[in-house]
Amino acid sequence: MQFTVNATLIIEIEDIEAMCCYRDRDGDTFEDSLRFEIQLQELILSPDCIVDIQFPADIFIDPYYESKKIIQAVHYVIEEMHTSSASSASLSIHT
7 MQFTVNATLI IEIEDIEAMC CYRDRDGDTF EDSLRFEIQL QELILSPDCI VDIQFPADIF
67 IDPYYESKKI IQAVHYVIEE MHTSSASSAS LSIHT
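Residue numbering for the sequence shown follows my numbering, starting at 7 and increasing by one per position.
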């Protein structure tokens, strides 16, 4: 994952594959997997500043990725960050 200077959160195919791996191997939800990946990558996001989220095109072609569920999970976690960040300027999600 990358957070660009133009406020775009770029989700890479490796991030999606990790989320699917956690789903298949450990039974984790996409939301929990994303939180873990954010923590693992030590990505600090300022949720008020996320303007766009970019997903890899591969997830829309291959049904294995369950693109609708992944997109919903990402938006849910970002919204959750926004809600929980009311008292801080930026945060790192902890599971």
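Just so it is clear, CB atoms sit at the ideal spot from N, CA and C, and this is done for glycine as well.
None of the values given here were measured: they were computed from a predicted structure.
At what residue ranges does the stretch 57-89 contain a whole run of the beta strand (DSSP E), taking only runs of 3 or more?
DSSP runs (the beta strand (DSSP E)) wholly in the stretch 57-89: 58-60.
Closest residue to Y82 among V57, E37 and A63 (Cα-Cα distance) = Out of V57, E37 and A63, E37 has the C-alpha closest to the C-alpha of Y82.
- prompt: Quick one: Cα of F9 to Cα of I44, how far?
  reply: Distance between the alpha carbons of F9 and I44: 11 Å.
task = Identify whether I50 lies in helix, strand or coil by the three-state DSSP scheme.
result = Here I50 sits in coil by DSSP.
message = Output needed for I19: all residues of its chain with C-beta closer than 7 Å, excluding positions within five of it in sequence on either side, in chain order.
response = Cβ neighbours of I19 within its own chain (closer than 7 Å, five residues either side excluded): P62 and D64.
Per DSSP, what kind of secondary structure is I19 in: helix, strand or coil?
-> Assignment of I19 by DSSP, reduced to helix, strand and coil, places it in the helix class.
| said: Quick check on the burial criterion: 16 or more other C-beta atoms within 10 angstroms. Buried or exposed for R31? | reply: Around the beta-carbon of R31, fewer than 16 other beta-carbon atoms lie within 10 Å, marking it exposed.
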